[in-house]
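**Q** Numbering (my numbering), first residue to last: 425 to 792.
Ideal placement from N, C-alpha and C gives every residue a C-beta, glycine not left out.
Dropping a structure here in structure tokens format, bear with me for questions.
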């Protein structure tokens with residue numbers, strides 16, 4: 425099949441959020457080439473397999489020389505890939521280095537680029553870093569902008585992005601999460617059946633660069649400080665990053681269960697069934713409202729204000745006492761989930777991928 429589209433993916437979140445779009449595009453008979461940059465090779469491959477997909481090529485660009493080295497390798501490898509296959513449209517997702525360099529390589533190749541999850545802004549170039557820089561650059565280079573919310577669209581308009589290039593679609597990560605929840609049912613999948621005790625459950629994750637340097641350990645001290653009074657158990661999915669692992673080892677508690685990174689199915693089950701989530705993940709902020717699960721965001725700012733406005737999210741930072749107090753307050757509010765379930769998820773209704781695929785198909789019919 426000829427290559428109509430090349431979709432460039434680097435990390436597990438990109439793979440998860442692109443998978444339903446890929447399936448919708450292929451349902452329309454479009455030839456889609458999946459280009460894996462290798463930024464997080466194993467995790468991205470596992471996520472694609474969850475949806476019955478696999479990369480057509482892996483560029484193996486990850487190294488141990490930091491962001492500059494990664495960006496340099498990505499620029500050369502993606503440039504060669506696009507020159508060889510000449511897609512009619514290049515698709516990137518989110519705010520990774522892979523997404524930004526994918527958009528830049530498309531620009532240098534004089535190929536149009538579509539950005540899924542366009543318009544997210546924290547307003548702080550250093551939080552999250554380098555993601556805020558990446559998405560600003562990507563949106564400036566893109567020709568089609570798929571904004572997950574009206575607020576994201578407004579951010580783009582304020583920056584001078586043409587209105588006719590923007591489509592408000594919802595968040596494709598919500599599509600993926602709802603698909604997985606339907607597919608796996610109510611029983612805990614994988615390892616969870618063996619490690620989860622009865623009682624109230626806190627699901628925790630932390631991985632962002634700005635939370636390294638002691639902030640993750642401080643966050644976890646706040647979490648365990650709330651466990652005794654509530655009797656809850658916390659399951660922490662520890663990111664494989666060595667710096668994160670070192671901070672996790674500094675905190676222990678009899679009801680703190682530390683696991684290796686979870687499968688996507690395991691993560692979705694916890695998002696749907698935990699009583700509270702403590703996280704610095706952007707994707708979890710978007711997915712949890714579909715299940716009425718309250719989220720304490722372990723950051724000082726978020727580019728997802730819609731969840732704050734609808735009370736699904738609460739910014740708590742990483743100060744131990746602030747985290748402890750917020751977690752305790754949330755755990756004892758037994759009616760919170762019922763109240764949250766009365767409101768729709770502000771990030772999407774499960775149809776974002778269809779909207780994107782439809783717009784791309786229409787866009788390609790108009791291009792020479």
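#1: What distance in whole Å lies between the Cβ atoms of residue 713 and residue 627, which are believed to be in contact at a cut-off of 8 Å?
#2: Use the C-beta contact count for residue 492: other C-beta atoms within 10 angstroms, 16 or more gives buried, fewer gives exposed.
#3: Between residue 691 and the rest of its own chain, which residues show a CB-CB distance below 6 Å, the 5 nearest in sequence each way excluded?
#4: Can you look up residue 532 in the DSSP assignment and give me helix, strand or coil?
#5: Between the C-alpha atoms of residue 629 and residue 702, what's the straight-line distance to the nearest angstrom?
#6: What does a CB cutoff of less than 6 Å around residue 792 pick up in its chain, not counting 5 residues either side in sequence?
#7: Go ahead and pull the three-state DSSP assignment for residue 737.
#8: Between residue 598 and chain C, is any beta-carbon pair separated by less than 8 Å?
#9: Helix, strand or coil, according to DSSP, for residue 571 in the structure here?
#10: Can you have a look at residue 513 and say buried or exposed, based on whether 16 or more other CB atoms are within 10 angstroms of its CB?
#11: Within the same chain, show all residues whose beta-carbon is closer than 8 Å to that of residue 487, passing over the 5 residues directly before and after it, in chain order.
#12: Distance check for residue 637 and residue 666, CA to CA, integer angstroms please.
#13: To the nearest angstrom, how far is it from the Cα of residue 758 to the Cα of residue 524?
#14: Kindly confirm or deny that the region 437-454 and the region 499-507 touch, where touching means at least three C-beta pairs closer than 8 Å.
#15: Would you mind giving the Cβ-Cβ distance between residue 708 and residue 668, rounded to the nearest angstrom? I have them listed as a contact below 8 Å.
#16: Have a look at residue 406 and residue 625 and give me their C-alpha separation to the nearest angstrom.
#17: Below 8 Å, how does it come out for the region 583-603 and the region 677-687: are there three or more Cβ pairs, yes or no?
#18: When DSSP labels each residue in this structure, what does residue 513 get in the three-state scheme?
#19: In chain order, what residues of the same chain lie with their CB nearer than 6 Å to the CB of residue 741, ignoring the 5 residues before and after it?
#20: From the DSSP output, in three-state form, read off residue 431 for me.
#21: Between residue 473 and the rest of its own chain, which residues show a CB-CB distance below 8 Å, the 5 nearest in sequence each way excluded?
#22: Residue 530: buried (16+ other C-beta within 10 angstroms of its C-beta) or exposed?
#23: Do three or more CB pairs link the region 643-654 to the region 555-565 at distances below 8 Å?
#24: Relative to the ligand GDP, is the shortest distance from any of its heavy atoms to the C-beta of residue 761 smaller than 7 Å?
#25: Between residue 623 and the rest of its own chain, which residues show a CB-CB distance below 7 Å, the 5 nearest in sequence each way excluded?
**A** By the coordinates alone:
#1: That belief does not hold up - the Cβ atoms of residue 627 and residue 713 are roughly 15 Å apart, past 8 Å.
#2: exposed
#3: none
#4: helix
#5: 7 Å
#6: Bear in mind that the predicted position of residue 792 carries a pLDDT of just 49, short of 50, making it unreliable; the figure below should be weighed with that in mind. Within the same chain, residue 792 has no close Cβ partners at all.
#7: strand
#8: Looking for chain C here will not work: only one protein chain is present.
#9: strand
#10: buried
#11: 493, 494, 497
#12: Rounded to the nearest whole angstrom, the CA to CA distance from residue 666 to residue 637 is 12 Å.
#13: 43 Å
#14: No contact exists between the region 437-454 and the region 499-507.
#15: Not really, about 16 Å apart at Cβ, beyond 8 Å.
#16: Outside the displayed span of the chain (425 to 792) sits residue 406, for which this structure offers no information.
#17: no
#18: strand
#19: So the list reads 724, once near-sequence residues are dropped.
#20: strand
#21: none
#22: It is buried - the Cβ of residue 530 has at least 16 other Cβ atoms within 10 Å.
#23: no
#24: The ligand GDP is not part of this structure, which contains no ligands at all.
#25: Non-local C-beta neighbours of residue 623 in its own chain, meaning closer than 7 Å and more than five positions away in sequence, comprise 655, 656, 657, ordered along the chain.
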